[in-house]
DNA sequence: ATAATACTTCAACCACGATTGAAGTATATC
DNA sequence: GATATACTTCAATCGTGGTTGAAGTATTAT
């Protein structure tokens, strides 16, 4: 038997991998405040431009960040939070880690073992 | 200038690092459903006992999981979600990634640059 | 005592990804 | 055209951490 996972779980796992990086959290934090160009992020985080670029690329591929070029001077790029996907992220996270999902112990193993259906165990997420 | 971070941001970063691991997400998912012993987790996830042990140890050190031994047969250990810390986790995550925190662009750099106070940029989290 | 069970710890291996430093691209200014 | 700016991409290095396989610990059963 292979543990089947819902697509949302996979997506959540991918997102968490992207977020599990202090620098990227800092970048997102700055983007939430409206700071958006590469050089400014670099100045605030004391980080080389290519690293900023790299992390932004990861965030962009994950769909968490959007990019736009300056209309007047196309050398400047501005980054912004992708709000719909951020909302999807918070929804997925809140749903997966919802404390209300915690069930009491139902031993199917060990001294007090009783029968427990597989659906009850594996099918708990998504609800 | 070094970017100062709030303690909650550090803690969130640590938690995310722990969560950015598919196996650990699967383990947490099973624990939410009440499955709690090592052998059972291993059976459901098709994972060697020492790996289960390793990942549970990481989750335990992060404060997300609690451990308890069977009263009748002390060889069996039961794992459970640490509810208070799970609630702290969801609260920290929801607060950090709250879409309402997204501010419009306030260019302090680039062609349309205007003055922007540092407090506005860096002090956005926590509120 | 001996053996089996349930789990943990250890050391070696290996892969992924962040960092580094340099070269490359595109646009704007002189 | 030549230089400067803003950013991206590339190849190489390096550390962290998951995996592997084995040995170790604690408890129970025979």
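Protein chains in written order, with the numbering used here: chain P, 2 to 128; chain F, 2 to 128. Backbone N, C-alpha and C define an ideal beta-carbon position, used for all residues, glycine too. Computed from a prediction, not measured in an experiment: that's the story for all the values here.
Going along the region 76 to 102 of chain P in order, which residues come within less than 8 Å of chain F, judged by CB to CB distance?
-> 77, 79, 81, 82, 84, 87, 88, 90, 91, 94, 95, 97, 98, 99, 100 and 102
Any C-beta of chain P under 8 Å from that of residue 106 of chain F = Here residue 106 of chain F refers to the residue found at position 105 of the second chain. Interface residue, yes.
Can you give the Cα-Cα distance for residue 26 of chain P and residue 74 of chain F, rounded to whole angstroms?
-> As a working mapping, residue 26 of chain P is identified with position 25 in the first chain. As a working mapping, residue 74 of chain F is identified with position 73 in the second chain. Distance between the alpha carbons of residue 26 of chain P and residue 74 of chain F: 45 Å.
Find the nearest neighbour of residue 14 of chain P within the set F:11, F:9, F:10 and F:28, judged by alpha-carbon distance.
-> Counted from its first residue, the first chain places residue 14 of chain P at position 13. Of the candidates F:11, F:9, F:10 and F:28, the one whose C-alpha sits nearest the C-alpha of residue 14 of chain P is F:28.
Starting from residue 109 of chain F, find everything on chain P with Cβ-Cβ shorter than 7 Å and list it in chain order.
-> Taking the first residue of the second chain as 1, we reach residue 109 of chain F at position 108. Chain P residues near residue 109 of chain F: 41.
On the three-state DSSP scale, how would you describe residue 103 of chain P?
-> Locating residue 103 of chain P in the first chain gives position 102, where the first residue counts as 1. Three-state DSSP puts residue 103 of chain P in coil, outside helix and strand.
Chain-ordered chain P contacts of residue 35 of chain F [CB-CB under 7 Å] | Residue numbering aside, residue 35 of chain F sits at position 34 when the second chain is read from its first letter. The contacting residues are 104, 105, 106 and 107.
Check distances from the C-beta atoms of the region 58 to 74 of chain P to those of chain F and list, in chain order, the residues that come in under 8 Å.
-> 71, 73 and 74
With residue 22 of chain F as the anchor, note down where its alpha helix (DSSP H) starts and where it stops.
-> For the purposes of this step, residue 22 of chain F is taken as residue 21 along the second chain, with counting starting at 1. Counting along the chain, residue 22 of chain F falls outside any alpha helix (DSSP H), and DSSP gives it neither H nor E.
At what residues does the alpha helix (DSSP H) containing residue 93 of chain F begin and finish?
-> Residue mapping note: residue 93 of chain F aligns to position 92 of the second chain, counting from 1. Unbroken alpha helix (DSSP H) run through residue 93 of chain F: 84 to 97.
Residue 93 of chain P to residue 84 of chain F span [Cα, whole Å] = In the first chain, the residue the question calls residue 93 of chain P occupies position 92. In the second chain, the residue the question calls residue 84 of chain F occupies position 83. The alpha-carbon atoms of residue 93 of chain P and residue 84 of chain F are separated by roughly 19 Å.
To the nearest angstrom, report how far apart residue 24 of chain F and residue 43 of chain F are at their CA atoms.
-> Counted from its first residue, the second chain places residue 24 of chain F at position 23. Counted from its first residue, the second chain places residue 43 of chain F at position 42. Roughly 11 Å between the two C-alpha positions.
Go ahead and pull the three-state DSSP assignment for residue 61 of chain F.
-> As a working note, residue 61 of chain F is residue 60 in the second chain. Residue state, collapsed to three classes: helix.
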